[in-house]
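**Student:**
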Amino acid sequence: MPPDRKPTRVGLYEQYLATRIRRHEGAPPDHIALVITERDLLERGAYETLTDFFTWAFEYASQVTVYVSVLDAAAVPALRRELEALDTPQEIAVRGPDDRTPADAPIRIGIGLGGKHEFTSAVRTLAQQVEDGDLEPDEIDDQRVEDHLIFPSEPDLVIKTGAERLSDFMIWQSVYSELYFTDVNWRDFRKRDFLRAVREYCNRSRRFGQ
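Under the working numbering, residues 1 to 210 are what the sequence shown spells out, in order.
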């Protein structure tokens, strides 16, 4: 077998998937979210794969959100420095558990910032506004809550690598998102795996909770 045969076949398969997506009646996702773990980023080449992921995603989407779950809060500062130093195709905004400013950039990364924490913080802010007399209780609606979330936009597609289980991330925003689970670990995640997720999204009939 020629040494270049395998890469060629992989390249052809990726071209096939891209063609299927391009010709599909369903539109590709405009906002893609990715869920990985702190442990994933310890693998060799993990940050390079993440940079590649951004490149792949922006062939279809205008916004990408990444959530990095962490077990040890002490790891957040180092992860933040690494992520903010990435050479990305679009502007990047990184937020941690202590941040309160909404992320407003094409690439948004949350480190250890769970959905429950984010939602609780928004509720506390609204409660304080009511107590200060700046907001009436009956003025609180979905839009008011969303305006105080760190990641206010709703993703069309959420990709979870390595295991088929939900995570505590964007629990408000992703209620109508399409969820795609793959048993491929992040260290082995390639463009073909990403394209499979986008193709699956195009194949689904979105009902938005109806």
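Glycine included, C-beta positions come from ideal geometry on N, C-alpha and C.
Does the count of Cβ pairs from the stretch 176 to 185 and the stretch 50 to 61 closer than 8 Å reach three?
**Tutor:** The answer is no - the stretch 50 to 61 does not touch the stretch 176 to 185, with fewer than three Cβ pairs under 8 Å.
**Student:** Report the three-state DSSP secondary structure of Gly110 (helix, strand or coil).
**Tutor:** It is a strand residue.
**Student:** Measure the C-alpha to C-alpha separation of Thr19 and Ala33 and round it to an integer number of angstroms.
**Tutor:** Taking the straight line from one Cα to the other gives about 22 Å.
**Student:** I believe Thr51 touches Thr88 by the beta-carbon criterion, under 8 Å. Please report the beta-carbon distance rounded to the nearest angstrom.
**Tutor:** About 7 Å separates the two Cβ atoms, so the contact holds.
**Student:** Closer than 8 Å is the cut-off here; do at least three beta carbon pairs connect the stretch 120 to 129 with the stretch 23 to 39?
**Tutor:** Too few Cβ pairs lie closer than 8 Å, so no.
**Student:** DSSP three-state label for Gln63, please.
**Tutor:** Three-state result, Gln63: strand.
**Student:** Look at Val76 and Ile111 and say whether their C-beta atoms are less than 7 Å apart.
**Tutor:** Closer than 7 Å, so yes.
**Student:** Is Thr125 near the ligand GTP, judged by its Cβ being under 6 Å from some heavy atom?
**Tutor:** The ligand GTP is absent from the structure shown, which contains no ligand whatsoever.
**Student:** If you run the structure through DSSP and keep just helix, strand and coil, what is Phe181?
**Tutor:** Here Phe181 sits in strand by DSSP.
**Student:** Is Lys44 helix, strand or coil by DSSP?
**Tutor:** Strictly speaking, residue 44 in this sequence is Arg, with Lys absent from that position. It is coil, neither helix nor strand.
**Student:** Which residue comes first and which comes last in the alpha helix (DSSP H) that contains Arg81?
**Tutor:** It spans 76 to 84 - the alpha helix (DSSP H) in which Arg81 sits, taken as one unbroken run.
**Student:** Output needed for Arg5: all residues of its chain with C-beta closer than 7 Å, excluding positions within five of it in sequence on either side, in chain order.
**Tutor:** For Arg5, the pLDDT reaches just 48, beneath the cut-off of 50, and the residue's location in the model is therefore unreliable, leaving the point undetermined.
**Student:** Assess contact between the stretch 186 to 195 and the stretch 137 to 145, defined as three or more Cβ pairs (one per stretch) separated by less than 8 Å. Is contact present?
**Tutor:** The stretch 186 to 195 vs the stretch 137 to 145: no contact.
**Student:** Rounding to the nearest angstrom, what Cα-Cα distance links Val175 and Leu149 in this structure?
**Tutor:** If I take the Cα positions, the gap works out to 15 Å.
**Student:** Taking only the alpha-carbon atoms, compute the straight-line gap between Leu79 and Asp147 and give it to the nearest angstrom.
**Tutor:** Distance between the alpha carbons of Leu79 and Asp147: 27 Å.
**Student:** Would you kindly report the start and end of the unbroken beta strand (DSSP E) that includes Val175?
**Tutor:** First-last for Val175: undefined, no H or E at that position.
**Student:** Name the DSSP beta bridge partners of His31, please?
**Tutor:** Beta-bridge pairing links His31 to Gln63.
**Student:** Could you give the first and the last residue of the continuous alpha helix (DSSP H) run that contains Val70?
**Tutor:** Neither: Val70 is in no alpha helix (DSSP H) and is coded neither H nor E.
**Student:** Rounded to whole angstroms, what is the Cα-Cα separation between Gly209 and Glu154?
**Tutor:** With a pLDDT of only 45 at Gly209, under the threshold of 50, the placement of this residue in the model should not be trusted; the figure read from the coordinates follows. Each residue's alpha carbon lies about 14 Å from the other.
**Student:** Within its chain, find whatever has a CB closer than 6 Å to the CB of Ser177; leave out the 5 residues flanking it on each side and keep chain order.
**Tutor:** Cβ within range, chain order: Pro155, Val158.
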